[in-house]
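As given, the protein sequences belong to chains R and A, one line each in that order. Letter 100 of the first sequence, counting from 1, is numbered 100 in the UniProt record's numbering, and no numbers are missing. Letter 99 of the second sequence, counting from 1, is numbered 99 in the UniProt record's numbering, and no numbers are missing. These notes concern the structure reproduced below.
Protein chains: 2
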Amino acid sequence: MKLFSYWRSSAAFRVRIALNLKNLTHEVIPVDLLKQGGEQHLPSYSAKNPQDLVPVLEHGSHVLRQSLAIIEFLEEAHPTPALLPKNIEERAWVRALSMDIACDIHPLNNLRVMKYLHKKLKLSDDQKSSWAKHWLELGLAGVEKTLSTQARQGKFCLGDEVSMADVCLIPQIMNAKASNCDLSKFTKIQQVFDECMKLPAFIQASWEAQIDYPNKS
Amino acid sequence: MKLFSYWRSSAAFRVRIALNLKNLTHEVIPVDLLKQGGEQHLPSYSAKNPQDLVPVLEHGSHVLRQSLAIIEFLEEAHPTPALLPKNIEERAWVRALSMDIACDIHPLNNLRVMKYLHKKLKLSDDQKSSWAKHWLELGLAGVEKTLSTQARQGKFCLGDEVSMADVCLIPQIMNAKASNCDLSKFTKIQQVFDECMKLPAFIQASWEAQIDYPNKS
Numbered sequence: 001m002k003l004f005s006y007w008r009s010s011a012a013f014r015v016r017i018a019l020n021l022k023n024l025t026h027e028v029i030p031v032d033l034l035k036q037g038g039e040q041h042l043p044s045y046s047a048k049n050p051q052d053l054v055p056v057l058e059h060g061s062h063v064l065r066q067s068l069a070i071i072e073f074l075e076e077a078h079p080t081p082a083l084l085p086k087n088i089e090e091r092a093w094v095r096a097l098s099m100d101i102a103c104d105i106h107p108l109n110n111l112r113v114m115k116y117l118h119k120k121l122k123l124s125d126d127q128k129s130s131w132a133k134h135w136l137e138l139g140l141a142g143v144e145k146t147l148s149t150q151a152r153q154g155k156f157c158l159g160d161e162v163s164m165a166d167v168c169l170i171p172q173i174m175n176a177k178a179s180n181c182d183l184s185k186f187t188k189i190q191q192v193f194d195e196c197m198k199l200p201a202f203i204q205a206s207w208e209a210q211i212d213y214p215n216k217s
Numbered sequence: 001m002k003l004f005s006y007w008r009s010s011a012a013f014r015v016r017i018a019l020n021l022k023n024l025t026h027e028v029i030p031v032d033l034l035k036q037g038g039e040q041h042l043p044s045y046s047a048k049n050p051q052d053l054v055p056v057l058e059h060g061s062h063v064l065r066q067s068l069a070i071i072e073f074l075e076e077a078h079p080t081p082a083l084l085p086k087n088i089e090e091r092a093w094v095r096a097l098s099m100d101i102a103c104d105i106h107p108l109n110n111l112r113v114m115k116y117l118h119k120k121l122k123l124s125d126d127q128k129s130s131w132a133k134h135w136l137e138l139g140l141a142g143v144e145k146t147l148s149t150q151a152r153q154g155k156f157c158l159g160d161e162v163s164m165a166d167v168c169l170i171p172q173i174m175n176a177k178a179s180n181c182d183l184s185k186f187t188k189i190q191q192v193f194d195e196c197m198k199l200p201a202f203i204q205a206s207w208e209a210q211i212d213y214p215n216k217s
């Protein structure tokens, strides 16, 4: 399998974690989103993903897109270890928390949106920073409340097993830290983050561990 | 089952279609997003969904959130008629197209974002309209290309069976029409829209058919 990835993309980061958790051998192909013109807009890449976004997973002749769709595919093709619980109400809870992040936090702060705010709307750095923090802190406050009211609390988002929700949460927290969000009030989120970051699957998927991380020696 | 819905919410619209397609009896409880203060922010609603967003599906003692997580739950609890194909690569394709809409188009143009552009950033009506059209037309161009390059083309997004992708596409097209997007170049999307809007499940889920649609006699 080949994963088309960018070190800082939260969406690519999710798939990197999932591939690691499932012990699936894969080659990472960097797509430089910041290069002049953007490698995601090259015809060869756009043919794989008409939305010009990372990640893409190539698997034989199949070209898979959208991080959560890729993770659901990996779950169906390689069920063990599971990233979704067996109980269908718990599956819905894990998917909803994953989508709180993948639908309602991340897309508002990704590279193309920040570019539009800068280039088209001519926002100042302060205005852009306020925008990013607004959606991050609003969304994470909801995530914190959701985690804190879950009956089956444990080391991770749901109990003591890593799930797709953790796979989505950790890249978003990395992004929030880089955006100087105040995370001190999110105690349950911080606890989950600390537990996940003890695991090699998360560590090896991190920004600094990527071959396209800048200034990597 | 009780569906907490708002007539114009694309996310609630998706779940209304899915419930209709699966012939599941449900009561619609309107949540007035535009009422002074917003009914989605009432403590009684926020307790169901800490993200203060519609929809929510109450099912016995279970409270389900996020439209695609709800639809996946309905698919697992009530598999027939299916909204996902059997083949796992095709399932991934349907989920990816659904998420192109639910993650990368809709969240950029929903009510809370348009409010931020208006109240916090003081954008003009023209700037807000350009923002909405930019993300709609960019995203739908990708959807059109994805549909046009699918080998198994038919009446709907994938072949001749309605899937979760159609359930996501139609509310987004309603929204695009209301935003005066030029859809004339999206011939495949228009064809799918016309086919879906022949089906009672889609018609009965539409804006005008909702009990909270304004000026309904």
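Cβ coordinates follow ideal geometry from the N, Cα and C atoms, glycine included. Since the model is a prediction, treat every value here as computed from it, not as a measurement.
Note down the Cα distance separating residue i from residue j, rounded to an integer number of angstroms.
i	j	result
valine 197 (chain A)	phenylalanine 156 (chain A)	Before going on, a small fix: residue 197 (chain A) reads as methionine here, not valine. Straight-line Cα distance between these residues: approximately 11 angstroms.
proline 171 (chain A)	serine 10 (chain A)	5 angstroms
leucine 57 (chain A)	lysine 35 (chain R)	44 angstroms
residue 218 (chain A)	isoleucine 211 (chain A)	The structure shown does not extend to residue 218 (chain A), since chain A is modelled only from 1 to 217, so the question has no answer here.
alanine 151 (chain A)	leucine 158 (chain A)	9 angstroms
proline 79 (chain A)	alanine 141 (chain R)	34 angstroms
proline 107 (chain R)	serine 5 (chain A)	23 angstroms
lysine 22 (chain A)	glutamate 75 (chain A)	9 angstroms
glutamine 191 (chain A)	alanine 201 (chain R)	44 angstroms
leucine 117 (chain R)	serine 61 (chain A)	43 angstroms
glutamine 40 (chain R)	phenylalanine 193 (chain R)	30 angstroms
valine 63 (chain R)	threonine 25 (chain R)	17 angstroms
isoleucine 101 (chain A)	glutamate 195 (chain R)	33 angstroms
alanine 176 (chain A)	alanine 77 (chain R)	36 angstroms
proline 50 (chain A)	serine 124 (chain A)	31 angstroms
phenylalanine 73 (chain A)	lysine 122 (chain A)	40 angstroms
leucine 83 (chain A)	isoleucine 71 (chain A)	8 angstroms
glutamine 127 (chain A)	lysine 115 (chain R)	15 angstroms
tryptophan 135 (chain A)	isoleucine 105 (chain A)	6 angstroms
alanine 69 (chain A)	leucine 53 (chain A)	14 angstroms
By the DSSP assignment, the beta strand (DSSP E) with residue i in it spans what residues?
i	result
isoleucine 29 (chain R)	27–30
Taking the DSSP output, what are the residues bridged to residue i?
i	result
leucine 64 (chain R)	R:Leu57
lysine 2 (chain R)	R:Glu27, R:Glu58
Residue i CB to nearest chain R CB: under 8 angstroms?
i	result
isoleucine 101 (chain A)	no
lysine 145 (chain A)	yes
isoleucine 17 (chain A)	no
glutamine 51 (chain A)	yes
leucine 108 (chain A)	yes
phenylalanine 73 (chain A)	yes
glutamine 191 (chain A)	no
isoleucine 70 (chain A)	yes
histidine 62 (chain A)	yes
glycine 154 (chain A)	no
valine 54 (chain A)	no
leucine 121 (chain A)	yes
glutamine 127 (chain A)	yes
Please check if any C-beta of chain A sits within less than 8 angstroms of the C-beta of residue i.
i	result
leucine 169 (chain R)	no
arginine 8 (chain R)	no
alanine 151 (chain R)	no
glycine 159 (chain R)	no
glutamine 172 (chain R)	no
glutamine 40 (chain R)	no
glutamate 76 (chain R)	yes
serine 142 (chain R)	The identity of residue 142 (chain R) in the sequence shown is glycine, whereas the question assumes serine. By this cut-off, glycine 142 (chain R) is an interface position.
Spatial neighbours of residue i within its chain, please: CB distance less than 7 angstroms, with the 5 preceding and 5 following residues excluded, ordered by chain position.
i	result
arginine 8 (chain A)	Trp207
aspartate 160 (chain R)	Gly154
leucine 111 (chain A)	Leu33
proline 85 (chain R)	Arg91, Val94, Leu158, Ser163
phenylalanine 186 (chain R)	Leu140, Glu144
alanine 165 (chain A)	Val94, Leu97, Ser98, Cys157, Leu158
Could you tell me the boundaries of the alpha helix (DSSP H) in which residue i lies?
i	result
alanine 47 (chain A)	Here alanine 47 (chain A) belongs to no alpha helix (DSSP H), and DSSP marks it neither H nor E.
proline 214 (chain A)	Segment: none, proline 214 (chain A) is in no alpha helix (DSSP H) and carries neither H nor E.
arginine 8 (chain R)	It is not in any alpha helix (DSSP H) - arginine 8 (chain R) carries neither H nor E in the DSSP assignment.
histidine 134 (chain A)	125–148
lysine 188 (chain A)	187–196
aspartate 100 (chain A)	88–102
proline 171 (chain R)	164–178
leucine 117 (chain R)	111–119
proline 81 (chain A)	Here proline 81 (chain A) belongs to no alpha helix (DSSP H), and DSSP marks it neither H nor E.
phenylalanine 156 (chain A)	Looking at the DSSP string, phenylalanine 156 (chain A) is not in any alpha helix (DSSP H), and its letter there is neither H nor E.
proline 200 (chain A)	200–203
Who are the Cβ neighbours of residue i in its own chain at under 6 angstroms, not counting the five residues just before and after it?
i	result
lysine 188 (chain R)	Glu144, Leu147, Ser148
valine 167 (chain A)	Arg14, Ile17, Ala18
isoleucine 29 (chain A)	Lys2, Phe4
Enumerate in chain order the residues of its own chain whose CB-to-CB distance from residue i is below 8 angstroms, with the five nearest sequence positions on each side excluded.
i	result
asparagine 20 (chain R)	Pro200, Ala201, Phe202, Gln204, Ala205
leucine 169 (chain A)	Leu97, Ile101, Val143, Cys157, Ile189, Val192, Phe193, Cys196
Compare the C-beta of residue i with all C-beta atoms of chain D and state if any pair is closer than 8 angstroms.
i	result
leucine 83 (chain A)	As a matter of chain content, chain D is missing from the structure shown, whose protein chains are R and A.
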